[in-house]
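A.B. asks:
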Amino acid sequence: MHPPEIDSLLGMGTIGHNHLLGAARKSFGPAGGGGAGAAGAVEAGIRLLCMAWAEFPLNVPLAAQVESLSRKSSFVSRFLGSRAIRLAGRIARVRQSGGEAAQRLFDAGRFGELDACFASLAMREGALAVAPQAVMLQSMLSRWEWLEAFVRGPVARADADLADALLPDILLASRRYGEAVSACEKLVSLFGLPVAGLRLATARAGAGDIAVAQAVLGRVLADNPAHVTALLALDGLSFPARRDVRLPGKCVVSIYSYNKSGELARTLESVLASDLGPDVGDVRVRVLVNGSEDDSLAVAETARGRFAGDMDVVALPVNVGAPAARNWLLDAARREGADWIAYLDDDVLVPADWLRGLAAGTVDFPDAGVWGCRVADALSPSLTQHADGFLLDRDDAAGQGGAVALQEPGVECLIPDFLTCRRLCASVTGCCHLFRVDTLSANNGFDLGFSPSQFDDLDSDLRLLLGGRPAAYLGDVSVTHLRPANPFMHQSESLRLLGENHRALLEARHEGHLDRLLAIQAGIVNADLAARRARLDVAG
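In the working numbering, the protein residues as written are 127 to 666.
(1) Going by C-alpha distance, which of R216, G215, L240, V220 is nearest E226?
(2) Assign I646 to one of three DSSP states: helix, strand, or coil.
(3) Among D654, W454, S506, A634, which has the Cα closest to the Cα of A494?
(4) Do you know whose CA, among S422, A190, A458, lies nearest D472's CA?
(5) Under three-state DSSP, which class holds N385?
(6) Going along the chain, which residues of its own chain have a beta-carbon closer than 6 angstroms to the beta-carbon of V371, five neighbours each way excluded?
(7) Per DSSP, which residues does T555 bridge with? Please list them.
(8) For I132, name the three-state secondary structure that DSSP assigns.
(9) Would you tell me roughly how many angstroms separate the C-alpha atoms of E305 and A253, rounded to the nearest one?
(10) Just how far apart, CA to CA, sit V256 and A634?
(11) Following the continuous alpha helix (DSSP H) through G332, name the residue where it begins and the one where it ends.
(12) Near E427, what residues of its chain come up, given a Cβ to Cβ distance below 8 angstroms and the 5 sequence neighbours on each side ignored?
(13) Ignore the nearest five residues each way along the sequence and tell me which others in F154's own chain have a CB closer than 6 angstroms to its CB.
(14) Just the Cα atoms here: how many angstroms apart are G431 and G375?
(15) Which residues bound the alpha helix (DSSP H) around N144?
(16) Go ahead and pull the three-state DSSP assignment for L442.
(17) I'd like to check one pair, A329 with L293: are the Cβ atoms closer than 8 angstroms?
(18) By DSSP, does S579 sit in helix, in strand, or in coil?
(19) Should G139 go down as buried or exposed, given a rule of 16 or more other Cβ atoms within 10 Å for buried?
(20) Let me know the secondary structure DSSP gives A178 once reduced to three states.
(21) Going by DSSP, what residue range makes up the alpha helix (DSSP H) through A426?
(22) Just the C-alpha distance for L456 and A648, rounded to the nearest angstrom, thanks.
(23) In chain order, what residues of the same chain have a beta carbon less than 6 angstroms from the beta carbon of T606, not counting five sequence neighbours either side?
(24) Could you tell me which uninterrupted beta strand (DSSP E) segments, each at least 3 residues in length, are contained entirely in the segment 465-507, listed from first to last along the chain?
(25) Go to D287, then tell me how far its alpha helix (DSSP H) extends in each direction, as first and last residue.
(26) Just curious, the beta strand (DSSP E) that R609 is in, first and last residue?
(27) Taking the straight line between their C-alpha atoms, what separation do you get for G323 and I211?
(28) Have a look at G362, S508, R230, A165 and flag the residue whose alpha-carbon is nearest the alpha-carbon of D295.
(29) Please list the terminal residues of the continuous alpha helix (DSSP H) segment that includes T565.
(30) How about L550 and P477: are their beta carbons less than 8 angstroms apart?
(31) Give the DSSP-derived three-state secondary structure of H639 in the structure shown.
(32) Using the Cα positions of L574 and N445, report the straight-line distance between them to the nearest angstrom.
(33) Skipping 5 residues on each side, what residues in its chain have a beta carbon closer than 8 angstroms to that of Q229?
(34) Tell me the DSSP secondary structure of R392 in three-state form.
(35) Starting from R236 and walking both ways along the alpha helix (DSSP H), at which residues does that stretch end?
(36) Are the Cβ atoms of N570 and L590 separated by less than 8 angstroms?
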């Protein structure tokens, strides 16, 4: 059992190193006051700390905390095997060194020089001294081949248990499931099933052993019913997502673009090659060239000439900004009697079945206000830019320096298979999302106060949530964003200031009814999870 103070955080998911650490710290709070719930709070906090450490075993301060707690509380040995506790003690004594040079290369975008830099540092300083930063930075870049050689070689020679702790994530992120199975079985023998079972189940499912994966997840949940990510994974395996749904009525796939002709060309090539046929729906494509000064209009016209389906191109004389462009496209769809509008940014690549996946979500979550997906990074495919977003309570939002803040545990995770669930949440990305035209129109579209861009999609999602229509995250649909993720971008001062201004506007709009939004979010998330538990119980 765990104290109610962390219910909302655990309901968001039970993955993500920093997310789990935050939940652990919050769980320890009630323990300070003593009383009947103190032991339960300590137990929950220690469990979450152990889970967080397993997410990134090279967190030296956390390893030291785990080792220290193991001498004070028997709860640690309940969640971690003795070998893992001894490993924590060895990691706690690691002295990191030489990281400044690698960090400078990373910050400068000189990623091609990192391999040689870390190899040289490991030779000079030792593999363990270099490992925390090497694993962190190279994982963010999806440098799995280099990391595998590093872990199987220098790291394994320095500490075989640490190599066993690190290798499963490398293989799972690379989707090498057959090899990952044996690596994850070693991980279970090291960390124990309650902590490592999700990874073993993921490997088994990827290798095609669905029944075994379900059994493993069932054992994880029997030990920890609050493991929401394991629950979502088991539900997804037991009730696979459909791909045979047709959107009823007309759908307009709407793309707006400003001065991104190269990205627009790739986006249109991807979209027009995807499945937009009559078995998906009555689909039309519309491109709004938003006052572009490059050759975007010619790119769109060329794509229209090659497309066998229904497509039109509209050019505006000036850049009206993202919210106004979205509203113009919404009005056009409404006037021609469309039932659905799917928005795509001008710098995304979609899979062939993206619209089928979104259509299936409208059946699974008919009362949602918007349906969205996972957004992967083009530079680092394992990196997630956006997944399912949830509002933090006032205290946790303040801890992040704001009055209204969104938590996306999935963006910390570098194993995409952990994020393939379909669930209700507070917000989804604006890179690719589907609306009912009448619902979005009744919600007054997108707020022009957020022009030219930033936060207009989040503001729309929160207004929909306030009206009882949550967002539906469809993690089995993944699009690739050509714009690099924040760790790889250097934002201009003007964009930074614009973002700050728009965040202030967002907070001014929603801080006054945040408690109501949080209550609606909690009710929706809890009801959704309860329904999944109930149907799994019925299914046996």
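The C-beta atom is built at its ideal place from N, Cα and C for all residues, glycine as well.
C.D. replies: The relevant details are as follows:
(1) Residue L240 is the option with its Cα nearest to E226.
(2) Correct three-state label for I646: helix.
(3) Taking only the C-alpha atoms, the option nearest A494 is D654.
(4) Residue S422 is the option with its Cα nearest to D472.
(5) Here N385 carries a coil assignment [DSSP, helix/strand/coil].
(6) Excluding sequence neighbours, V371 sits near A485, A486, V489.
(7) DSSP lists no partner for T555.
(8) For I132, the three-state secondary structure derived from DSSP is helix.
(9) Looking at the two C-alpha atoms, the distance is approximately 24 angstroms.
(10) Looking at the two C-alpha atoms, the distance is approximately 45 angstroms.
(11) 319-332 is the span of the alpha helix (DSSP H), which, as asked, contains G332.
(12) Apart from sequence neighbours up to five positions away, the residues of its chain that approach E427 with a beta-carbon distance below 8 angstroms are V439, ordered along the chain.
(13) The residues are G171.
(14) Here the C-alpha atom of G431 lies approximately 25 angstroms from the C-alpha atom of G375.
(15) According to the DSSP assignment, N144 belongs to the alpha helix (DSSP H) that extends over 143-154.
(16) Looking at L442 - three-state DSSP - the assignment turns out to be strand.
(17) For the 8 angstroms CB-CB criterion, L293 and A329 do not form a contact.
(18) If DSSP states are grouped into helix, strand and coil, S579 belongs with coil.
(19) Buried.
(20) DSSP places A178 in the helix class (H, G or I) of the three-state scheme.
(21) Counting along the chain, A426 sits inside the alpha helix (DSSP H) bounded by residues 422-432.
(22) Rounded to the nearest angstrom, the gap between the Cα atoms of L456 and A648 is 30 angstroms.
(23) Around T606: L475, A502, A504.
(24) List check, beta strand (DSSP E) in window: 466-470, 496-503.
(25) Run containing D287: 286-299, per the alpha helix (DSSP H) assignment.
(26) Taken as a continuous stretch (DSSP letters only), R609 belongs to no beta strand (DSSP E), as it is neither H nor E.
(27) Going by the C-alpha atoms only, they are around 17 angstroms apart.
(28) Checking every option, the nearest Cα to that of D295 belongs to S508.
(29) Membership of T565 in the alpha helix (DSSP H) is indicated by the continuous run 563-568.
(30) Against a cut-off of 8 angstroms, the Cβ pair of P477 and L550 comes out as no contact.
(31) Looking at H639 - three-state DSSP - the assignment turns out to be helix.
(32) Rounded to whole angstroms, L574 to N445 spans 13 angstroms at the Cα level.
(33) Counting only Cβ-Cβ distances below 8 angstroms, and skipping sequence neighbours, we find Q259, L263.
(34) In this structure, R392 counts as helix in the three-state DSSP scheme.
(35) From DSSP, R236 is part of no alpha helix (DSSP H); its letter is neither H nor E.
(36) With respect to the 8 angstroms criterion, N570 and L590 are not classified as neighbours on the basis of their beta carbons.
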